[in-house]
Structures are given as structure tokens and as C-alpha cells.
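Beneath this line is the structure, given in C-alpha cells, with notes to follow.
Protein chains in written order, with the working numbering: chain U, 1 to 351; chain Z, 1 to 351.
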């Protein structure tokens with residue numbers, strides 16, 4: 001699949017050049033490029049450079065404000081509401097993380113909500129930044145396309161609304177969970193469809209409630225939530241906390257960002273940052289986290305399993321590998337990126 | 001199953017009298033009794049009056065501090081750490097909720113962690129109180145017995161760690177999710193075992209990783225997390241946030257409260273409260289929540305489904321019914337409660 005490898009610096013340059021070519025100010029383009037590559041480093045391949053052509057398409061269609069006034073619209077105690085002014089999502093989330101780290105220093109816990117953001121890559125990128133600063137980070141977002149029906153329903157009123165949580169762990173990899181509230185991400189279904197593969201039972205149902213395993217019929221079905229009604233409830237709660245509370249688009253208001261490149265998505269996101277030092281010596285906390293991690297790593301395994309994974313461990317390993325060897329790029333992705341570059345008048349990748 | 005009905009006031013009196021008989025101060029007993037009954041009202045039948053005999057057993061065994069000094073051990077910005085001093089769990093959580101409501105007024109968001117608590121009934125009880133006060137409530141807890149192995153493992157290092165989230169909704173029922181991170185609660189497995197029933201595939205696996213459906217063999221197996229590795233990750237993160245961070249028992253330190261009545265459980269819990277008014281007019285927020293709820297309620301249903309449930313709706317309906325008609329009590333539960341009463345020298349229930 002992955003015939004090529006693209007170094008991190010080349011990826012950042014390429015993304016920056018393409019964004020600048022369509023009118024993104026250089027300094028903003030550099031921020032976005034660096035954050036996009038973080039998704040690739042973490043192994044969220046569908047959320048990094050892969051998205052560049054779609055972002056460019058949206059910018060060209062006028063769906064993004066290239067000269068936004070991202071601002072703290074409201075500030076009350078330890079809560080901030082950010083108006084993203086329809087900027088590129090990464091810029092809004094960069095500001096949200098910056099705000100959260102500033103406020104957590106003052107209040108020990110803070111909540112930063114945002115509206116009028118856009119797709120900003122993998123959720124893990126932002127909680128990782130908070131954990132790297134020594135804090136616990138929690139992130140929730142309303143997805144930019146509805147692929148899930150309420151439990152018992154047919155109408156696609158919910159997205160795969162992700163939640164990510166990061167806990168600092170000292171010398172160990174940051175303990176970092178980044179999950180969609182659906183069994184499978186829609187990207188995996190689309191990938192299967194591209195390859196003409198079936199999808200496993202349990203990923204989707206059709207409008208009669210039967211298992212949908214033919215990926216080419218995905219548009220007729222609904223993704224299934226994790227734990228049935230439980231995942232539906234979680235997705236709904238994330239809609240309310242990251243969307244409705246911030247006056248962002250939710251449910252029927254959601255704009256399918258793959259179908260409408262010119263319409264404002266009004267993406268809603270929320271970040272919580274928490275300071276372990278409020279609970280005692282943070283070194284002691286990190287020691288205790290290490291013990292929990294070690295106990296799990298060393299515990300007995302099921303037959304055929306040779307390693308029990310701690311959330312975040314795989315992404316950490318992958319990031320080290322990819323910093324060294326580059327980001328794997330398939331032939332299809334290389335073609336898509338170079339088509340995009342040619343349209344932008346940017347030098348194509350030569351891998 | 002439910003041959004009898006017990007009025008709320010009779011339940012409160014009965015619980016109070018039993019607790020007082022084993023040495024709980026009258027005012028504390030009344031607080032605990034009222035909170036226990038809230039679990040019954042919400043339909044969390046395994047978390048309300050059903051638990052009284054177990055609580056009494058623990059008190060008699062010396063496993064509870066009847067004259068605790070529940071105190072704010074640390075206070076830093078919008079974060080409070082409460083030392084429950086091994087009090088009855090309901091008292092610790094009552095204090096945590098009270099603290100959260102006080103602090104959210106000042107900071108618009110707050111985080112109240114606690115350690116040295118005990119089992120305190122259904123998670124929903126506490127987030128409901130926060131939502132009734134007009135705030136958004138989030139609750140996480142480390143369960144008091146490990147029934148789940150890490151994903152890919154065998155050793156029971158995790159509990160069913162619940163998370164509950166409540167959002168005020170004006171005249172509509174509070175939108176309230178209260179879920180364990182396992183597919184099924186262990187109580188449901190025990191209930192099946194009592195009745196000699198099989199449990200569905202997907203609830204548990206045995207030590208070889210095969211589906212365990214014979215409920216009488218439950219102690220040999222592991223509950224399965226919702227969404228496989230995703231639910232494992234969520235349960236682990238709740239362990240860290242509600243347990244490790246508060247210096248409460250987690251993993252190997254967890255005391256099985258059903259097996260050891262005299263040992264201190266050091267239960268860890270965490271509450272977040274958030275003020276919708278920080279984001280704008282709270283009435284507008286409630287109007288928007290109502291729209292999301294209505295859109296889901298009115299959406300198309302799968303064949304054979306006549307109602308799409310909103311989390312919290314069922315509990316709200318049940319609470320109204322049970323306030324009117326009483327809490328359903330099975331013959332087995334009545335016997336257990338009256339055995340307990342006789343041991344305590346309290347007048348048995350006469351239903």
C-alpha cells in the first residue's frame with residue numbers, strides 16, 4: 001500500500017506551499033501544516049496530509065475564512081468561549097489549546113468551548129499538547145458529517161463525535177485515548193468501499209436494522225455506536241457539550257463537509273485542561289500512573305496475545321518511527337497530493 | 001417478580017432506622033436514605049435499597065467510619081480534593097456535589113475529586129442534582145470490584161467504571177446518560193446466575209478469550225468493554241481521572257467490597273460542574289437542547305421500534321411512577337431487607 005515515505009519537514013513544506021498558494025497567510029499555513037503532520041505522526045492517516053486536497057477544495061470554494069478574527073467571545077471564570085470565525089480548524093484549536101494552557105495555570109481546571117471552527121485533524125493532537133505541557137487534557141468534538149442514527153432510528157442525526165483524553169506519564173508515553181463513539185470510523189468504511197471489500201458485521205446497519213456488510217451500500221446505512229444505546233448516548237452528550245452549548249451546528253444543522261465545500265460548517269469543539277498539581281505532588285501522580293500502566297503491561301495475556309496495549313503507546317512508537325523514516329504515502333495519495341499541487345501551481349512531490 | 005411496592009417515605013424511614021440501629025448518626029442516616037432511594041426512583045434497582053443489607057454488613061464489620069471528618073483536603077483554583085475519611089459513600093458524594101455547586105457559581109467550571117469514599121449508589125443521582133441546580137454535571141467513578149481485564153488480557157485489573165453526564169433541559173426531562181464502560185453490569189450477570197439463566201454472547205469472555213455464556217461460571221471470566229479496545233481505554237482513563245489522580249485505589253489496590261467487608265475500599269470519584277450561562281443565555285441553551293431532543297424524538301424509526309429514547313427520559317418517567325405507586329420490591333428483596341431489620345432490631349417491613 002505505502003510505496004513512498006515523506007519526511008516530516010518535506011510534508012510541512014508541501015502543505016504550507018499549497019495553503020499559501022490558495023491564499024492562506026504564510027504564518028497560518030505553517031501552523032496548520034505542523035498540526036496536520038501531527039495527525040500523520042500519530043497514525044491517524046485519514047486526518048493528516050490525506051485531507052489537504054479536501055481543505056484546498058473548501059478554501060477554493062470559499063468555505064473558509066482566510067483572514068479570520070479568532071477571538072475570545074466570552075470569558076467567565078475558568079470558562080472561555082472561542083469564536084473561530086470560520087477559520088481553518090487547526091488555527092481555532094491551536095488558539096483553544098493555548099487558551100486552555102493559559103487558563104489552567106490560573107484556575108487549575110478550565111473549559112474552553114468553540115464554535116465556527118472546522119475539521120482540525122485527529123483529536124489526539126490537541127490533548128497531546130496539553131499533556132506535553134504537564135496537564136490532563138480532554139477534547140470532544142462534533143463531527144463534520146452525520147453518519148449515525150439515534151439508537152432505534154434511521155435518520156442520520158449524529159456524527160462519530162470523538163472524545164480524546166491525555167494523561168501525562170513522565171518518561172513513559174503519554175496515556176492517550178482517542179476514540180470515535182462509533183464502532184468504526186466512516187473513513188474505514190470508505191476505504192473498504194474503494195478497495196471493493198466487505199465490512200464486518202457490527203459496523204453498520206441498513207434502514208431495516210439489518211447488518212450492512214456491503215461497503216458500496218454505506219450511504220444507505222448508519223454506523224453503529226459502541227455499546228449500542230451507550231455509545232448513542234455518549235455521541236448525543238458530546239453533541240450537546242461540544243456543539244449545542246457552544247452554539248455550534250448539531251443534528252439537522254450539521255453541514256456535510258464532503259458534500260458542501262462552500263457552506264460554513266460551524267464546527268463545535270470543547271477542551272478541558274486539568275492540573276494534577278491541584279491534587280498533590282504531580283511527580284507522585286506520574287509515579288502512580290506508571291504503576292497502573294506497568295501492572296497492566298505485565299498482566300496475564302489471552303492465548304495468542306503477546307502484548308497488552310496502553311492507549312497512546314502505539315501512536316508514540318509510530319511517531320518516533322515516522323520522524324525517522326517519514327510518513328508512508330500510498331500511490332493513490334501521492335497522485336491526489338500532486339494533482340492538488342499542480343492545481344495550486346506548487347512543485348509536486350518527487351518521492 | 002415485584003410482588004410488593006414500598007412508598008418512598010416508608011423506604012426512607014426503613015433505611016434510616018436500620019442505619020441508625022448500627023450506629024450511623026440520625027442526620028447522616030437520613031441523608032444516605034434519601035440518596036439511596038434516588039437510585040431506586042431512577043430505576044437503578046441494584047443501587048438503591050437493594051444495597052442496604054450489604055452496607056449494614058460492612059458497617060458491622062467495621063469497614064465504614066461512622067464518625068468521619070469529610071473535609072476539603074486540598075483547594076487550588078477551581079479544583080477541590082475531598083478526603084471522604086471512609087464515610088458512607090453517599091455522604092462523601094453529597095459533600096462533593098455541594099462543593100461542586102458552590103464552586104461552579106464562582107468559577108463557571110469546577111472539578112471535585114475525592115478519595116476514601118465508598119459505594120454511593122447510581123452515578124445518575126449526583127449529576128441529576130447538579131442539573132437540577134441549573135448546571136451541567138459529569139461524574140466518573142472507580143468501581144468497587146474488578147470484573148474486567150485489559151483488552152487482550154486475563155487479569156481483572158479494571159472495574160465497570162461508570163460515567164454519567166446530565167444536561168438541564170428546562171421543562172423536558174434532564175438529558176442524563178449513566179453508563180458503565182462494560183457491555184453489561186456485573187449485577188446483571190449475578191442476577192442471571194441467581195435465576196439459572198444463560199447470559200448473551202458479547203457480555204463476557206473466559207480465560208481463553210472464548211464467549212462465556214454460562215452465568216454460573218461468571219467468576220472465571222471477564223466482562224467485555226463497550227466497543228472492545230475503546231471501552232477498555234475509557235475504563236482505564238476513568239481509573240486514572242477518578243482514582244489515580246485522587247490517590248484512590250485502582251487496579252491491584254482495588255478492594256472487592258463484596259468479598260471484604262472490613263477493608264477500606266478507598267473509592268475514588270470525580271465530579272465536574274459547568275455553568276451554561278458562561279456560554280450565553282442559558283434559556284437559549286435550553287431551547288437548543290430541546291430542539292436537538294425533539295429532532296431525535298420525531299425522527300424516523302427502525303421497523304418494530306415505536307419510540308426513540310433520549311437518555312434520562314426513562315428514569316424520569318419511572319421516578320414519577322414510583323413516587324406515586326412506590327418502589328417495586330421482590331419477595332427475595334423483602335426477605336433480605338427484613339432479615340437485615342431483624343438483625344438490627346428494627347421493625348420489619350409489612351407490605
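Quick reminder that beta carbons are idealized off the backbone N, C-alpha and C, glycines included.
Residue 74 of chain U by DSSP, collapsed to three states: which one? Taking the first chain and counting its residues from 1, the one referred to as residue 74 of chain U is at position 74. Strand at residue 74 of chain U.
Can you check whether the CB of residue 186 of chain U is closer than 8 Å to the CB of residue 164 of chain U? On the first chain, residue 164 of chain U is found 164 positions in, with the first residue counted as 1. On the first chain, residue 186 of chain U is found 186 positions in, with the first residue counted as 1. In this structure, residue 186 of chain U does not lie closer than 8 Å to residue 164 of chain U by Cβ.
From the beta carbon of residue 126 of chain U, is the nearest beta carbon of chain Z less than 8 Å away? Numbered from its first residue, the first chain carries residue 126 of chain U at position 126. No, no contact with chain Z.
Under 7 Å from any heavy atom of the ligand FMN, does the C-beta of residue 48 of chain U make it? For the ligand FMN, the structure offers nothing, since it holds no ligand at all.
Helix, strand or coil for residue 257 of chain U? Go by DSSP, reduced to three states. Numbered from its first residue, the first chain carries residue 257 of chain U at position 257. Three-state DSSP puts residue 257 of chain U in coil, outside helix and strand.
What are the boundary residues of the alpha helix (DSSP H) that includes residue 126 of chain Z? Numbered from 1 along the second chain, position 126 holds the residue referred to as residue 126 of chain Z. 124-132 is the span of the alpha helix (DSSP H), which, as asked, contains residue 126 of chain Z.
Can you tell me where the alpha helix (DSSP H) holding residue 116 of chain Z begins and where it ends? As a first step, residue 116 of chain Z must be located in the second chain, where it is residue number 116. Residue 116 of chain Z -> not in any alpha helix (DSSP H); beta strand (DSSP E) instead, spanning 109-117.
When you compare only the Cα positions, how much space is there between residue 18 of chain U and residue 12 of chain U? One-based indexing of the first chain puts residue 18 of chain U at position 18. One-based indexing of the first chain puts residue 12 of chain U at position 12. In a straight line, the C-alpha of residue 18 of chain U is about 10 Å away from that of residue 12 of chain U.
Taking 8 Å as the CB-CB limit, is residue 244 of chain Z close to chain U? Counted from its first residue, the second chain places residue 244 of chain Z at position 244. Yes, residue 244 of chain Z counts as interfacial toward chain U.
If we require 3 or more residues per run, which beta strand (DSSP E) segments fall completely within the region 2-66 of chain Z? 4-6
Closer than 8 Å, Cβ to Cβ, to anything on chain U: give me those residues from the region 301-315 of chain Z, in chain order. 301, 302, 303, 304, 305, 307, 308, 309, 310, 311
Can you tell which of Z:239, Z:29, Z:307, Z:23 has the C-alpha that lies nearest to the C-alpha of residue 115 of chain Z? As a working note, residue 115 of chain Z is residue 115 in the second chain. Comparing Cα-Cα distances from residue 115 of chain Z to each of Z:239, Z:29, Z:307, Z:23, the minimum goes to Z:239.
Please state the DSSP three-state secondary structure of residue 346 of chain U. Sequence index remark: in the first chain, residue 346 of chain U carries index 346 (1-based). Three-state result, residue 346 of chain U: coil.
Determine the DSSP secondary structure at residue 136 of chain U, reduced to helix, strand or coil. Here residue 136 of chain U refers to the residue found at position 136 when the first chain is read from its first residue. Here residue 136 of chain U sits in strand by DSSP.
Reduced DSSP category for residue 328 of chain U - H, G, I as helix; E, B as strand; rest coil: Mapped onto the first chain, residue 328 of chain U falls at position 328. Residue 328 of chain U: strand per DSSP, three-state reduction.
In this structure, does DSSP put residue 274 of chain U in helix, strand or coil? Start at 1 with the first residue of the first chain, and residue 274 of chain U comes out as number 274. DSSP places residue 274 of chain U in strand when its eight states are reduced to three.
Given a cut-off of 8 Å on the beta-carbon distance, is the pair residue 74 of chain Z and residue 77 of chain U in contact? For the purposes of this step, residue 74 of chain Z is taken as residue 74 along the second chain, with counting starting at 1. For the purposes of this step, residue 77 of chain U is taken as residue 77 along the first chain, with counting starting at 1. No, the Cβ-Cβ distance between residue 74 of chain Z and residue 77 of chain U is not below 8 Å.
Along chain U, which residues have their Cβ under 9 Å away from the Cβ of residue 198 of chain Z? On the second chain, residue 198 of chain Z is found 198 positions in, with the first residue counted as 1. None at all; the shortest Cβ gap to chain U is about 19 Å.
Can you find a C-beta in chain U that's less than 8 Å from the C-beta of residue 123 of chain Z? What you label residue 123 of chain Z is simply residue 123 of the second chain in a count that begins at 1. For residue 123 of chain Z, the answer is no, since every Cβ of chain U falls outside 8 Å of its Cβ.
Residue 76 of chain Z touches chain U at which residues, Cβ-Cβ below 8 Å? Your numbering for residue 76 of chain Z matches position 76 in the second chain. Here the neighbours are 108, 275, 277, 278.
Does the Cβ of residue 162 of chain Z have 16 or more other Cβ atoms within 10 Å, making it buried, or fewer, making it exposed? Your numbering for residue 162 of chain Z matches position 162 in the second chain. The residue is buried, with at least 16 neighbouring Cβ atoms inside 10 Å.
Mark residue 195 of chain U as exposed unless 16 or more other C-beta atoms lie within 10 angstroms of its C-beta, in which case mark it buried. The residue labelled residue 195 of chain U in the question sits at position 195 within the first chain. By the neighbour-count rule (16 or more Cβ atoms within 10 Å), residue 195 of chain U is not buried but exposed.
Residues in the same chain with beta-carbon distance under 6 Å from residue 29 of chain U, minus the five sequence neighbours each way, listed in chain order, please. Numbered from its first residue, the first chain carries residue 29 of chain U at position 29. Result list for residue 29 of chain U: 16, 19, 20, in chain order.
Any idea what DSSP makes of residue 222 of chain U, helix, strand or coil? Here the question's residue 222 of chain U lines up with position 222 in the first chain. Residue 222 of chain U: strand per DSSP, three-state reduction.
Take the Cβ of residue 9 of chain Z as the centre, count every other Cβ of all protein chains shown within 10 Å, and call the residue buried at 16 or more, exposed below. Residue mapping note: residue 9 of chain Z aligns to position 9 of the second chain, counting from 1. Exposed, since its Cβ has fewer than 16 Cβ neighbours within 10 Å.
Residue 183 of chain Z touches chain U at which residues, Cβ-Cβ below 7 Å? The residue given as residue 183 of chain Z occupies position 183 in the second chain. Simply 227.
Less than 8 Å between C-beta atoms, sequence neighbours within five positions excluded: which residues of the same chain meet that for residue 103 of chain Z? What you label residue 103 of chain Z is simply residue 103 of the second chain in a count that begins at 1. Closer than 8 Å at Cβ, skipping near neighbours: 78, 80, 110, 112, 273.
Can at least three beta-carbon pairs, one atom from the region 248-267 of chain U and one from the region 56-76 of chain U, be found at a separation below 8 Å? yes
For residue 238 of chain U, which of helix, strand or coil comes out of DSSP? Translated into positions along the first chain, residue 238 of chain U becomes position 238. Residue 238 of chain U: helix per DSSP, three-state reduction.
Host alpha helix (DSSP H) of residue 295 of chain Z (start-end): Numbered from its first residue, the second chain carries residue 295 of chain Z at position 295. First-last of the alpha helix (DSSP H) with residue 295 of chain Z: 282-297.
Let me make sure I understand the geometry here. Which of U:119, U:237, U:197 has the alpha-carbon closest to that of residue 166 of chain Z? In the second chain, the residue the question calls residue 166 of chain Z occupies position 166. Checked all of U:119, U:237, U:197; the closest Cα to residue 166 of chain Z is U:237.
Starting from residue 79 of chain Z, trace the beta strand (DSSP E) in both directions and tell me its first and last residue. Stepping through the second chain from its first residue, residue 79 of chain Z is reached at position 79. Here the beta strand (DSSP E) through residue 79 of chain Z covers 79-83.
Under 8 Å by beta carbon: chain A residues contacting residue 155 of chain U: As a matter of chain content, chain A is missing from the structure shown, whose protein chains are U and Z.
Starting from the Cα of residue 66 of chain Z, find the closest Cα among Z:50, Z:85, Z:51 and give me that residue. Within the second chain, numbered from 1, the residue matching residue 66 of chain Z stands at position 66. Closest option to residue 66 of chain Z, Cα to Cα, is Z:85.
For residue 266 of chain Z and residue 253 of chain Z, what's the separation of their Cα atoms in angstroms? On the second chain, residue 266 of chain Z is found 266 positions in, with the first residue counted as 1. On the second chain, residue 253 of chain Z is found 253 positions in, with the first residue counted as 1. Whole-angstrom Cα-Cα distance: 9 Å.
Provide the residue span of the beta strand (DSSP E) that contains residue 157 of chain U, from first to last. Translated into positions along the first chain, residue 157 of chain U becomes position 157. Looking at the DSSP string, residue 157 of chain U is not in any beta strand (DSSP E), and its letter there is neither H nor E.
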